[in-house]
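**Student:**
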Amino acid sequence: MSDLRLVQIQNGEVQLTPMGSQRARDVVRRHRLAERLFKDTFSIDDSEAHTQACKFEHIISPELDQRICTFLGHPKTCPHGNPIPPGECCDGKPKG
Numbered sequence: 006m007s008d009l010r011l012v013q014i015q016n017g018e019v020q021l022t023p024m025g026s027q028r029a030r031d032v033v034r035r036h037r038l039a040e041r042l043f044k045d046t047f048s049i050d051d052s053e054a055h056t057q058a059c060k061f062e063h064i065i066s067p068e069l070d071q072r073i074c075t076f077l078g079h080p081k082t083c084p085h086g087n088p089i090p091p092g093e094c095c096d097g098k099p100k101g
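Okay, so the sequence shown: first residue is 6 according to this note's numbering, each after it adds one.
1. Going along the chain, which residues of its own chain have a beta-carbon closer than 8 angstroms to the beta-carbon of G101, five neighbours each way excluded?
2. Considering only their Cβ atoms, is the gap separating L38 from M24 smaller than 8 angstroms?
3. Let me check one thing: in DSSP terms, what residues is T46 bridge-paired to?
4. Using a Cβ-Cβ cutoff of less than 7 angstroms, which residues in the same chain neighbour E40 once the five nearest sequence positions on both sides are dropped?
5. Scan the stretch 44 to 87 and note each continuous alpha helix (DSSP H) run of 4 residues or more that stays entirely inside, going in chain order.
6. Is E18 helix, strand or coil by DSSP?
7. Using a Cβ-Cβ distance under 8 angstroms, would P84 count as near chain D?
8. What is the C-beta distance between L77 and D45, in whole angstroms, given that I count them as a contact (C-beta under 8 angstroms)?
9. Candidates Q13, H63 and R34: which alpha carbon is nearest P90's?
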């Protein structure tokens, strides 16, 4: 990961670089949007939604990410209540 400049070691601690933080944020966003999609659209239970989201998050392109978010009405949280990082499509539009 350090070769990809996603992490750096400072004072013996591994830390995310700004690029690493952005990549992590993007994965969290895709995962939580996928959970919300599976739960809200297909009525899949939380455990199965999480399992499927773990697979789906790796194939969601940035364009599909934005479309899913817009389709869902720019949700603020995943089914577990965790915040979904806003995307460019949100621009002050998250629902309450």
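Idealized CB from N, CA, C, for every residue including glycine.
**Tutor:** Taking the structure as given:
1. Looking up residue 101 in the sequence shown gives position 96. The pLDDT assigned to G101 is 44, lower than 50, so where the model puts this residue is not dependable, and the model offers no usable value.
2. Residue 24 sits at position 19 when you count from the first residue of the sequence shown. Residue 38 sits at position 33 when you count from the first residue of the sequence shown. Cβ atoms of M24 and L38: not closer than 8 angstroms.
3. In the sequence shown, counting from the first residue as 1, residue 46 sits at position 41. According to DSSP, T46 bridges with nothing at all.
4. Here residue 40 is taken as the residue at index 35 of the sequence shown, counted from 1. Cβ neighbours of E40 beyond the five flanking positions: A54, H55, A58, C83 and P84.
5. Complete alpha helix (DSSP H) runs here, min 4: 51 to 61 and 67 to 76.
6. Along the sequence shown, read from residue 1 onward, the residue named residue 18 stands at position 13. Under the three-state reduction of DSSP, E18 is assigned to strand.
7. Absence of chain D from the displayed structure is noted, only one protein chain being present.
8. As a first step, residue 77 is located in the sequence shown; it is residue number 72 there, counting from the start. As a first step, residue 45 is located in the sequence shown; it is residue number 40 there, counting from the start. Between D45 and L77 the Cβ distance is about 6 angstroms, and since that is below 8 angstroms, they are a contact.
9. On the sequence shown, residue 90 is found 85 positions in, with the first residue counted as 1. The residue with the shortest Cα to Cα distance from P90 is R34.
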